[in-house]
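To start, the structure under review is shown below, and the notes come after it.
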Amino acid sequence: MTSKPHKPVEFNFSKLPLLALEQIIDGMHLTEIVNLSLCSKRSKKTVATARTIPKTHMDIDIDRNHFRICVYTAGNKETVSVWTMVDKNADQGDNREFSVDGIEGLIRTNPSSTDTYCEAFNFTSTPQRIAVSMAPIISHLLQALPNCQVKFLTVDYRRLFHFNFETALAAVKSAEIVMLTNQAMSFQSKYILTNIRITKVFENLSQNKSPCSSQLPHKLECSDKIECLDASFIRGDFLLRLNCKDVLLRNTKFSVDDVMEFLKKWKNSTGDEMGRIQCIKLELTSVVLAAEHLEELGAVKWDTKKYPTYYRKNEQWINCADGVYIQQSNGLKMVIKPFYQGLYFLVWRD
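Start counting the sequence shown at 1; every next residue gets the next number (full-length UniProt numbering).
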């Protein structure tokens, strides 16, 4: 008597009760969860509604040689997945195909770990096609991993004149840290600055000093650092909305009135609206605060017999002996310290 071959029992994963689904997903590695979300739209929806998926963060790198999306666990302890846009066929190997909103590619698991590496292939090398490819992948990951936040957005603008940032980054609403380099024209960063909320650090390391027909933005919500080596495109009222610990702005177009309005607002501030400010360095080639301006502010010469002479900023010591200070009603002091290219504003906290 011969027995019939045993047929594997099949069941619809997505039709399990929600509690059972969450128990299964809770026991899965994040890499497996990403793989599961790629199986179908229903699988993605199932994963996205699970309440047990831990926090992750995403890094996005855009330059002429690398178009990469990486997902990590909290604290960068582990890589969850890496997605790279390439312009050639990927080695088949042990890969399997995936499709995200019509964007096809290969996915494989690194044999030395549980890291997932995803390569999109068969694209031309044109920036337009790459932008179209990145958009659905970023959107898919942010939807499938509801606790995923964009941490780093790094852009090198060299030879990216035709890259459509509006298309590629449509799903990105906020990022903790944005770093821009090799920006040839000020308008190139317009989409990022006006559509993505930057919460901690903004660095624009381009020194093009190119003509700018429009000024933006009116506000950056960074809490930790703003460094802009060509700030000619930043509006004057930007200073009034500033609440960041460390600020460096070069090649600014601020007027004396812009600076005075900022200093008056800081002096009269009583809440947390400007409470993070510690050190601001403005390169102001055409702005000089004359004696009448300092008198209007009620500024007093910094007395080195009563107060420290040097203000420490990281490893830099700034001599305040030739500065003046203004004071809030709570006693908090800001030193206005001139230097050969502009002004320091230094907040002293006891």
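The beta-carbon is built from N, C-alpha and C at its ideal position, and this holds for glycine as well.
Query                                                                                                                 : Result
Under the three-state DSSP convention, the category T304 falls into                                                   : coil
Cβ contact check for the segment 225-242 and the segment 296-314: 3 or more pairs under 8 Å                           : no
Same chain only: Cβ atoms within 7 Å of M334, ignoring 5 sequence neighbours per side                                 : W266, Y325, I326, F345, L346, V347
Sub-8 Å separation of Q143 and A48 beta-carbons                                                                       : yes
G342 - DSSP class collapsed to helix/strand/coil                                                                      : strand
Best match in L193, T252, D59 for proximity to S232 [C-alpha to C-alpha]                                              : T252
Neighbourhood of C148 by C-beta distance below 8 Å, restricted to the same chain and skipping five residues each side : K55, T56, H57, M58, V71, L141, L142
Residues of its chain near H293, where Cβ-Cβ distance is below 8 Å and the 5 sequence neighbours each way are ignored : V256, M260
As assigned by DSSP and simplified to three states, the class of H66                                                  : coil
Residues near A135 by beta carbon distance below 6 Å, same chain, minus five either side                              : T167, A168, A170
Short Cβ contact (8 Å threshold) for V34 with S99                                                                     : no
From I53, D224, I196, C39, residue whose alpha carbon lies closest to that of K173                                    : I196
Residue range of the unbroken alpha helix (DSSP H) whose run includes K265                                            : 256-268
Helix, strand or coil at T52 according to DSSP, with G and I counted as helix                                         : coil
Counterpart residues of R96 in DSSP-defined beta bridges                                                              : I107
Endpoints, alpha helix (DSSP H) assigned at F165                                                                      : 165-168
C-alpha gap between A321 and Y310, whole angstroms                                                                    : 8 Å
Where the alpha helix (DSSP H) containing E292 begins and where it ends                                               : 291-297
Pick from F67, L332, S40 that is closest to M274, judged by C-alpha positions                                         : L332
Cβ distance (whole Å) where R96 is taken to contact I107 below 8 Å                                                    : 6 Å
Beta bridge counterpart(s) of N204 as assigned by DSSP                                                                : L180, C228
V287 versus F254, N65, I192, residue with shortest Cα-Cα distance                                                     : F254
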